[in-house]
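Asker: Using the numbering used here, you'd call the opening residue of the sequence shown number 4 and step up by one each time.
C-beta: ideal position from N, C-alpha, C; glycine also.
Small disclaimer: the values here were computed from a predicted structure and weren't measured.
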Amino acid sequence: MSVDRRLFLSAAAASGLGAAVSHAAPMPRPVLKATQDAKSGFRYCLNTSTIRGQELGIEKEVDVAGAAGYDGIEPWIPTLRQFVEKGGKLPDLAKRISDAGLTVDSAIGFAQWIVDDETKRKEALEEAKRDMDMLREIGGTRIAAPPVGAHQGDSPKIDLFVAAERFRALQDLGDQTGVVPQLEVWGFSKNLSRLGEVMFVIGETGHPKACLLLDIYHIFKGGSAFTGLDLFSDNALQVFHVNDYPATPERAEMNDSHRVYPGDGIAPMSKILNAIGGHGREITLSLELFNRDYWKQDALEVAKTGLSKMKAAVAAANA
4 MSVDRRLFLS AAAASGLGAA VSHAAPMPRP VLKATQDAKS GFRYCLNTST IRGQELGIEK
64 EVDVAGAAGY DGIEPWIPTL RQFVEKGGKL PDLAKRISDA GLTVDSAIGF AQWIVDDETK
124 RKEALEEAKR DMDMLREIGG TRIAAPPVGA HQGDSPKIDL FVAAERFRAL QDLGDQTGVV
184 PQLEVWGFSK NLSRLGEVMF VIGETGHPKA CLLLDIYHIF KGGSAFTGLD LFSDNALQVF
244 HVNDYPATPE RAEMNDSHRV YPGDGIAPMS KILNAIGGHG REITLSLELF NRDYWKQDAL
304 EVAKTGLSKM KAAVAAANA
């Protein structure tokens, strides 16, 4: 990206792009549970990547999230597909989720909606529809939409106006299925790695339910300042990936496996939580980790530890 392009994005954000993306149409919100932080409006969710290395399968992942005391779960679409391919019934899974006291606050999908190849984009929308339909059957209403397929180092740089047009097609599909796509920033990606870029895209789609899926690690990895979070209000942020990052290695050398529990690294956690929770919104904090050391441990203990550390971070931010 040219310097002029970066300056334009910064100016657009400063001059009101945050306001443009802050008036998304309201989404139905799960009812507050006793375990949830009523003061801040935060809900606590387990992204199943946190215990992916234990290879439990979606049913046991649900059991772990429920037993650990979470409000919600954020499954990965490939895991749901495996469940169905092995003969699992989505209505049965929906009941298991409900019986565990959980809601499906989001899910992680990988449809290549952003790529230049028109045939692949068409196939990606068909894939996204299948994913959304499957997700809807278990009570899900949101799905992550990262820049997959345009994230590699040798990927062409996609014009942000073009990215907005392509994301709008995914949003329109979401209107049909009842599942809202959340544009996800990927800090390591060739495209949509910075906060200003994803803000620009959802601001240009013109869709009333435009929203982002942001992540502490990815914001850091992409080089954006956390102060940009102050530009969001209302429903532009509904789910937020929580994690932390250590002092070493350097940012350029860091990868997903370096993520640690919130509070165990150097991220400005209180500043972040106050920014995203300071507008009276209800927001889901979803613990997303890929730490290989945690994957070697008991899944329930990892889930409990993560929840405890998220709550401690919220308490510190509220102090």
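DSSP state of Thr144, grouped into three classes?
Answerer: Looking at Thr144 - three-state DSSP - the assignment turns out to be coil, as it is neither helix nor strand.
Asker: Just verifying my parser: in three-state terms, what is the DSSP assignment at Asn321?
Answerer: Asn321: helix per DSSP, three-state reduction.
Asker: Would the segment 157-174 count as touching the segment 184-191 if we require 3 or more Cβ pairs under 8 Å?
Answerer: With the cut-off at 8 Å, the segment 157-174 and the segment 184-191 touch.
Asker: Could you pull out every residue in the same chain whose Cβ sits closer than 7 Å to the Cβ of Ala131, ignoring the five residues on either side in sequence?
Answerer: So the list reads Gly112, Ala114, Trp116, Leu173, Leu176, once near-sequence residues are dropped.
Asker: Less than 8 Å between the CB atoms is what I'm expecting for Gly231 and Gly199, so what's the real figure, rounded?
Answerer: So it is a contact: roughly 7 Å between Cβ atoms.
Asker: Using the three-state DSSP reduction, which class does Phe45 fall into: helix, strand or coil?
Answerer: Strand at Phe45.
Asker: Thinking just about the alpha-carbon of each residue, which of His261, Gly69, Leu96, Lys125 is nearest to the one in Gly143?
Answerer: For the residues His261, Gly69, Leu96, Lys125, the minimum Cα distance to Gly143 belongs to Leu96.
Asker: Suppose the cutoff is 8 Å on Cβ atoms and the five residues either side in sequence are ignored; what does the same chain contact list for Thr180 look like?
Answerer: Only Lys132, Met135, Asp136, Arg139 meet the Cβ criterion.
Asker: I need the boundaries of the beta strand (DSSP E) containing Asp218, first residue and last residue.
Answerer: Start and end: 215-218.
Asker: Return the chain-ordered ranges of every alpha helix (DSSP H) run that is complete within the segment 156-190 and spans a minimum of 4 residues.
Answerer: Fully enclosed alpha helix (DSSP H) runs of 4 or longer: 163-180.
Asker: Measure from the alpha carbon of Ser101 to the alpha carbon of each residue in Glu121, Ala68, Trp298, then state which is nearest.
Answerer: Here the closest residue by C-alpha is Ala68.
Asker: Are the beta-carbon atoms of Ala148 and Ile161 separated by less than 8 Å?
Answerer: No, the Cβ-Cβ distance between Ala148 and Ile161 is not below 8 Å.
Asker: Does the Cβ-Cβ distance between Ala302 and Ile54 come in under 8 Å?
Answerer: Yes, the pair counts as a contact, with Cβ atoms nearer than the cut-off.
Asker: Might you give, ordered along the chain, the residues of its own chain that have their beta carbon closer than 8 Å to the beta carbon of Ala28, omitting 5 neighbours on each side?
Answerer: Because the pLDDT of Ala28 is 42, which lies under 50, any placement of that residue in the model is unreliable, and the number read from its coordinates should be weighed accordingly. Once the five neighbours on either side are set aside, the close Cβ partners of Ala28 are Pro211, Lys212, Asn238.
Asker: Taking DSSP as the reference, what is the three-state secondary structure of Glu88?
Answerer: Three-state DSSP puts Glu88 in a helix.
Asker: Among the residues of its own chain, which have a CB less than 7 Å from the CB of Lys224, if the five just before and after it don't count?
Answerer: Gly190, Phe191, Arg254, Met257, listed in sequence order.
Asker: With C-beta atoms as the reference, is Ser52 less than 8 Å away from Trp79?
Answerer: Closer than 8 Å, so yes.
Asker: I'd like to know whether the C-beta atoms of Arg46 and Thr287 end up nearer to each other than 8 Å.
Answerer: Cβ atoms of Arg46 and Thr287: closer than 8 Å.
Asker: Report the partner residues of Val245 according to the DSSP bridge assignment.
Answerer: Paired residues: Leu290.
Asker: Relative to the alpha-carbon of Val317, which residue among Asp296, Ile205, Gly280 has its alpha-carbon at the smallest distance?
Answerer: Nearest option by C-alpha distance: Gly280.
Asker: Could you please give me the residues that DSSP links to Thr106 through a beta bridge?
Answerer: Partner(s): Gly75.
Asker: Hey, would you say Val242 sits closer than 8 Å to Ser196, going by beta carbons?
Answerer: Cβ atoms of Val242 and Ser196: not closer than 8 Å.
Asker: Restricting to Cα atoms, I'd like to know which of Ser158, Met272, Asp119, Leu49 is closest to Ala1.
Answerer: The question about residue 1 has no answer here: the residues shown for the chain are numbered 4 through 322.
Asker: Across which residues does DSSP place Ile111 in a beta bridge pair?
Answerer: In DSSP, Ile111 forms a bridge with Trp79, Ala147.
Asker: Pop quiz: Ile275 and Asn246 are said to be a contact at Cβ under 8 Å. What is the actual Cβ separation, rounded to whole angstroms?
Answerer: Ile275 to Asn246, Cβ: 11 Å. No contact.
Asker: Which term fits Pro265, buried or exposed, when burial requires 16 or more other beta carbons within 10 angstroms of its beta carbon?
Answerer: Answer is buried; the Cβ neighbour count reaches 16.
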